[in-house]
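**Student:** One gets the numbering used here by counting positions in the sequence shown from 1 and adding 1 to each.
Just so you know, even glycine gets a beta-carbon here, dropped at the ideal spot from N, CA and C.
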Amino acid sequence: MIDVQVRIHDRFVVEFKIGYVVRKDEPRSDFMINTWMFVPNNLDINYDTYTKKQFYRDVKSNIRLITPIYSLKEVANEEALPFQFLEVAINELNVDITPENLAEAEYQVKMFCSITKSALRREVERVWRYSVAESRLKAIDTYIQRVGCILKKYRELREFLPIVEGGKNMQVSHGFGDEFLSNQVEFYTFKLLERLRRKDKDCFVLVEKRLLKLICNEVAYRRSRGYLIIEKHSPDRNRAALFRRRMLRLYTESHLFLKADRKKDGAMVEQLYFSIAAGISMIFATLISFSFQQKYGNFTMPLFVALVVSYMLKDRIKELTRYYFVHRLAKKYFDNKTTISIKDKSIGWIKEGVDFITEDRVPEEVMSMRDRSDILEANNRHMAEKIILYRTLVQIDGQELDENTQYDVSGVHDILRFNVSSFILKMENPEVPLAVPNDGDGYEIISGERIYYINFLLQLRSSNNVDYKHFRLVLSRNGIEGIEKM
Numbered sequence: 002m003i004d005v006q007v008r009i010h011d012r013f014v015v016e017f018k019i020g021y022v023v024r025k026d027e028p029r030s031d032f033m034i035n036t037w038m039f040v041p042n043n044l045d046i047n048y049d050t051y052t053k054k055q056f057y058r059d060v061k062s063n064i065r066l067i068t069p070i071y072s073l074k075e076v077a078n079e080e081a082l083p084f085q086f087l088e089v090a091i092n093e094l095n096v097d098i099t100p101e102n103l104a105e106a107e108y109q110v111k112m113f114c115s116i117t118k119s120a121l122r123r124e125v126e127r128v129w130r131y132s133v134a135e136s137r138l139k140a141i142d143t144y145i146q147r148v149g150c151i152l153k154k155y156r157e158l159r160e161f162l163p164i165v166e167g168g169k170n171m172q173v174s175h176g177f178g179d180e181f182l183s184n185q186v187e188f189y190t191f192k193l194l195e196r197l198r199r200k201d202k203d204c205f206v207l208v209e210k211r212l213l214k215l216i217c218n219e220v221a222y223r224r225s226r227g228y229l230i231i232e233k234h235s236p237d238r239n240r241a242a243l244f245r246r247r248m249l250r251l252y253t254e255s256h257l258f259l260k261a262d263r264k265k266d267g268a269m270v271e272q273l274y275f276s277i278a279a280g281i282s283m284i285f286a287t288l289i290s291f292s293f294q295q296k297y298g299n300f301t302m303p304l305f306v307a308l309v310v311s312y313m314l315k316d317r318i319k320e321l322t323r324y325y326f327v328h329r330l331a332k333k334y335f336d337n338k339t340t341i342s343i344k345d346k347s348i349g350w351i352k353e354g355v356d357f358i359t360e361d362r363v364p365e366e367v368m369s370m371r372d373r374s375d376i377l378e379a380n381n382r383h384m385a386e387k388i389i390l391y392r393t394l395v396q397i398d399g400q401e402l403d404e405n406t407q408y409d410v411s412g413v414h415d416i417l418r419f420n421v422s423s424f425i426l427k428m429e430n431p432e433v434p435l436a437v438p439n440d441g442d443g444y445e446i447i448s449g450e451r452i453y454y455i456n457f458l459l460q461l462r463s464s465n466n467v468d469y470k471h472f473r474l475v476l477s478r479n480g481i482e483g484i485e486k487m
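Below you can see the structure in the form of structure tokens.
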């Protein structure tokens with residue numbers, strides 16, 4: 002199964018979070034994604050102005066394991082695996098402070114924090130799904146109780162950390178996890194409050210004090226521990242606090258990111274075909290040379306002219322043959338192949354390729370989903386949309402994945418961030434003055450917004466399943482204005 006989530010990462014970056022969920026009953030799982038990007042002609046994005054090198058410069062991919070799924074209720078339970086694994090790792094470290102035990106304890110701290118963060122996010126979404134006010138209020142009370150339980154039992158582990166020289170590193174790691182969890186509780190609780198304030202004011206009034214008390218307790222706790230906190234009138238301190246939060250997130254999630262070794266796909270085959278191209282051109286030049294030499298002899302003007310012409314044609318034949326082979330290779334091979342591994346053990350690979358294509362090479366079902374308006378279809382006959390096809394082929398070894406992970410990991414996330422800066426270079430001013438009549442006899446000038454659309458159509462293939470997704474990116478020269486799910 003392939004799961005795709007799209008969101009705006011920042012003003013110029015759209016993020017595709019692609020989840021490849023492996024099948025446990027098969028040794029290997031294969032996935033394919035074809036993404037067609039329909040770009041307006043007036044943005045001047047084409048084969049000459051936007052090369053493959055520029056495309057891959059604009060794309061950033063982070064490949065990581067899917068966080069093991071636990072509910073907040075399960076994390077709060079001391080019998081649940083995340084806390085059990087963490088407690089056992091700390092107990093073993095107390096018995097014998099070795100580099101292996103230290104690394105295992107640090108790994109369990111990171112995993113516990115990542116699982117808790119994921120559980121917090123899902124719990125906030127679950128609270129919001131309740132439509133009955135009484136159920137939502139009860140769910141919020143349960144949320145506050147479980148969060149307090151998780152923080153309490155995690156912080157109590159500090160008493161069991163070794164205090165000798167070798168154990169100080171573990172105290173630092175536990176402190177990082179403590180600060181990270183406190184920040185996440187504050188973040189998701191504020192997120193819940195803000196959502197309630199905007200969409201359920203009655204519930205907001207009833208729970209505001211309780212949720213704010215949870216937040217204020219965490220702020221006071223971080224202050225008592227010497228952790229950086231956000232302060233209203235301290236820009237420099239807030240800058241440092243935001244930087245530290247980002248570093249804590251990278252630290253606690255570092256164990257989920259996979260090693261990715263990216264290389265050009267089909268490099269050896271490409272060189273073989275290029276050698277064949279060189280050989281064909283050399284055969285032509287040699288045949289011309291031998292023919293004229295046999296007819297006119299050595300050191301004659303006709304032979305000299307024939308050699309010059311054959312040399313000129315030889316280079317052109319070589320380049321044309323190379324061009325033919327490159328396009329034939331593009332259908333079978335990809336641009337890059339990324340081998341993904343855990344602890345130097347390969348668990349699969351990802352191939353990717355990108356090309357500009359013509360409309361006649363787009364499947365009919367995709368063009369039907371594109372569903373151009375009449376005016377756009379009329380304009381397209383003169384200024385056709387440019388179509389970029391981005392292909393991804395993925396193979397994951399489920400057995401290797403299970404053998405190299407302690408938790409039940411369902412698959413791999415490919416977090417793809419696409420920077421649209423190259424697409425806005427030739428856009429016109431985002432604000433347009435418009436004249437409209439008043440209710441009376443006069444008129445006034447208002448400001449209109451000039452926008453552009455880039456359509457993303459995704460074909461998702463896994464096992465025998467085929468699914469389609471359609472997203473429309475709304476752009477102006479100011480950056481990304483929104484994402485529409487079609």
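Got a sec? Which residues, its chain only, sit under 6 angstroms from SER422 by beta carbon, not counting five neighbours each side?
**Tutor:** Against the sequence shown, residue 422 aligns to sequence position 421. Beyond the five residues adjoining it in sequence on each side, SER422 comes within less than 6 angstroms, by CB distance, of PHE13 in the same chain, given in chain order.
**Student:** Looking only at its own chain, which residues have a Cβ that is under 6 angstroms from the Cβ of ARG223, when we skip the five neighbours before and after it?
**Tutor:** In the sequence shown, counting from the first residue as 1, residue 223 sits at position 222. Cβ within range, chain order: SER183, ILE230.
**Student:** Is ALA106 helix, strand or coil by DSSP?
**Tutor:** Walking along the sequence shown from the start, residue 106 turns up at place 105. In this structure, ALA106 counts as helix in the three-state DSSP scheme.
**Student:** Looking only at C-alpha atoms, which of HIS10, ASP4, LYS25, ASN47 sits nearest to ASN420?
**Tutor:** The residue labelled residue 420 in the question sits at position 419 within the sequence shown. Considering only alpha carbons, the answer is HIS10.
**Student:** Who are the near neighbours of ILE145 in its chain, counting only those whose CB is closer than 8 angstroms to its CB and skipping five residues on each side?
**Tutor:** As a position in the sequence shown, residue 145 is number 144, starting the count at 1. Correct list, in chain order: ARG211, LEU212, LEU215.
**Student:** List the endpoints of the continuous beta strand (DSSP E) containing TYR454.
**Tutor:** Numbered from its first residue, the sequence shown carries residue 454 at position 453. First-last of the beta strand (DSSP E) with TYR454: 453-463.
**Student:** Beta-carbon within less than 7 angstroms of VAL125's beta-carbon, same chain only, minus the 5 sequence neighbours each way: which residues are those?
**Tutor:** By one-based count along the sequence shown, residue 125 stands at place 124. TYR189, LYS192, LEU193, listed in sequence order.
**Student:** Hey, is the segment 430-445 in contact with the segment 87-94, meaning 3+ C-beta pairs nearer than 8 angstroms?
**Tutor:** no
**Student:** Alpha carbon to alpha carbon, how far is PHE472 from ARG392?
**Tutor:** Residue mapping note: residue 472 aligns to position 471 of the sequence shown, counting from 1. Residue mapping note: residue 392 aligns to position 391 of the sequence shown, counting from 1. If I take the Cα positions, the gap works out to 17 angstroms.
**Student:** Roughly how far, in whole angstroms, is the beta-carbon of GLU254 from the beta-carbon of PHE39, given that I think they are within contact range, below 8 angstroms?
**Tutor:** Residue numbering aside, residue 254 sits at position 253 when the sequence shown is read from its first letter. Residue numbering aside, residue 39 sits at position 38 when the sequence shown is read from its first letter. No, GLU254 and PHE39 are not in contact; Cβ-Cβ is about 34 angstroms, not under 8 angstroms.
**Student:** If you count every other CB in all the chains shown that lies within 10 Å of the CB of ILE348, and 16 or more means buried, which is it?
**Tutor:** Within the sequence shown, the letter at position 347 stands for residue 348. Classification for ILE348: buried.
**Student:** Output the distance between the C-alpha atoms of GLU366 and TYR469, rounded to the nearest integer angstrom.
**Tutor:** The residue labelled residue 366 in the question sits at position 365 within the sequence shown. The residue labelled residue 469 in the question sits at position 468 within the sequence shown. So the two alpha carbons sit approximately 10 angstroms from each other.
**Student:** So SER62 is in the beta strand (DSSP E); what residue range does that whole segment cover?
**Tutor:** Locating residue 62 in the sequence shown gives position 61, counting from the first residue. Counting along the chain, the beta strand (DSSP E) containing SER62 begins and ends at 60-66.
**Student:** Tell me the DSSP secondary structure of THR99 in three-state form.
**Tutor:** The residue you call residue 99 lines up with position 98 of the sequence shown. Reduced to three states, the DSSP call for THR99 is coil.
**Student:** So, is PHE17 buried or exposed, given that buried needs 16 or more other C-beta atoms within 10 angstroms?
**Tutor:** Residue numbering aside, residue 17 sits at position 16 when the sequence shown is read from its first letter. With 16 or more Cβ atoms within 10 Å of its Cβ, PHE17 is classed as buried.
**Student:** Excluding five sequence neighbours on each side, which residues of the same chain lie with their C-beta closer than 6 angstroms to the C-beta of TYR408?
**Tutor:** Sequence index remark: in the sequence shown, residue 408 carries index 407 (1-based). Counting only Cβ-Cβ distances below 6 angstroms, and skipping sequence neighbours, we find PRO69.
**Student:** Buried or exposed: which applies to GLY483, given that a residue is buried once 16 or more other Cβ atoms fall within 10 Å of its Cβ?
**Tutor:** Within the sequence shown, numbered from 1, the residue matching residue 483 stands at position 482. So GLY483 counts as exposed.
**Student:** So is MET112 buried or exposed if we call it buried at 16+ other beta carbons inside 10 Å?
**Tutor:** Here residue 112 is taken as the residue at index 111 of the sequence shown, counted from 1. Buried, since its Cβ has 16 or more Cβ neighbours within 10 Å.
**Student:** From GLU209 to LEU138, what does the alpha carbon distance come to, in whole angstroms?
**Tutor:** For this step, residue 209 is matched to residue 208 along the sequence shown. For this step, residue 138 is matched to residue 137 along the sequence shown. Answer to the nearest angstrom: the Cα atoms are 11 angstroms apart.
**Student:** I'd like the span of the alpha helix (DSSP H) that includes ALA221, first residue to last.
**Tutor:** Looking up residue 221 in the sequence shown gives position 220. Per DSSP, ALA221 belongs to the alpha helix (DSSP H) from 202-226.
**Student:** Buried or exposed, going by whether 16 or more other CB atoms sit within 10 Å of the CB of MET302?
**Tutor:** Start at 1 with the first residue of the sequence shown, and residue 302 comes out as number 301. Per the 10 Å Cβ criterion, exposed.
**Student:** Quick one: give me the first and last residue of the beta strand (DSSP E) that GLU353 is part of.
**Tutor:** Numbered from 1 along the sequence shown, position 352 holds the residue referred to as residue 353. Element bounds for GLU353: 346-358.
**Student:** Determine the DSSP secondary structure at VAL421, reduced to helix, strand or coil.
**Tutor:** Counted from its first residue, the sequence shown places residue 421 at position 420. Coil, per DSSP.
**Student:** Note down the Cα distance separating ARG24 from ASN35, rounded to an integer number of angstroms.
**Tutor:** Your numbering for residue 24 matches position 23 in the sequence shown. Your numbering for residue 35 matches position 34 in the sequence shown. Cα to Cα, ARG24 sits roughly 21 angstroms from ASN35.
**Student:** Could you have a look at LEU44 and say whether DSSP puts it in helix, strand or coil?
**Tutor:** Mapped onto the sequence shown, residue 44 falls at position 43. DSSP places LEU44 in helix when its eight states are reduced to three.
**Student:** First and last residue of the beta strand (DSSP E) that includes ASN337?
**Tutor:** For the purposes of this step, residue 337 is taken as the residue at position 336 of the sequence shown. Counting along the chain, the beta strand (DSSP E) containing ASN337 begins and ends at 337-343.
**Student:** Kindly indicate which three-state DSSP category PRO434 falls into: helix, strand or coil?
**Tutor:** Walking along the sequence shown from the start, residue 434 turns up at place 433. Residue state, collapsed to three classes: strand.
**Student:** Nearest to LYS260 by CA position, among ASP415, GLN85, THR143, PRO364, is which residue?
**Tutor:** What you label residue 260 is simply residue 259 of the sequence shown in a count that begins at 1. For the residues ASP415, GLN85, THR143, PRO364, the minimum Cα distance to LYS260 belongs to ASP415.
**Student:** Rounded to whole angstroms, how far is the Cβ of THR117 from the Cβ of ILE141, which I believe are closer than 8 angstroms?
**Tutor:** Working through the sequence shown from its first residue, we reach residue 117 at position 116. Working through the sequence shown from its first residue, we reach residue 141 at position 140. No, THR117 and ILE141 are not in contact; Cβ-Cβ is about 18 angstroms, not under 8 angstroms.
**Student:** Can you name the residues that DSSP bridges to LYS18?
**Tutor:** Along the sequence shown, read from residue 1 onward, the residue named residue 18 stands at position 17. Partner(s): GLN6, ILE416.
**Student:** If you compare alpha carbons, which of LEU459, GLU27, ASN337 is closest to LYS53?
**Tutor:** Residue 53 sits at position 52 when you count from the first residue of the sequence shown. Comparing Cα-Cα distances from LYS53 to each of LEU459, GLU27, ASN337, the minimum goes to ASN337.
**Student:** Look at the alpha carbon of ARG65 and the alpha carbon of ASP49, and state the distance between them as a whole number of angstroms.
**Tutor:** As a first step, residue 65 is located in the sequence shown; it is residue number 64 there, counting from the start. As a first step, residue 49 is located in the sequence shown; it is residue number 48 there, counting from the start. One Cα belongs to ARG65, the other to ASP49, and the distance between them is close to 34 angstroms.
**Student:** Would you call GLU101 buried or exposed, if buried means 16 or more other Cβ atoms sit within 10 Å of its Cβ?
**Tutor:** Within the sequence shown, residue 101 is the residue found at index 100, counting from 1. Per the 10 Å Cβ criterion, exposed.
**Student:** Buried or exposed: where does GLY441 fall if 16 or more other Cβ atoms within 10 Å of its Cβ makes it buried?
**Tutor:** As a working note, residue 441 is residue 440 in the sequence shown. The residue in question, GLY441, is exposed, as its Cβ has fewer than 16 Cβ neighbours within 10 Å.
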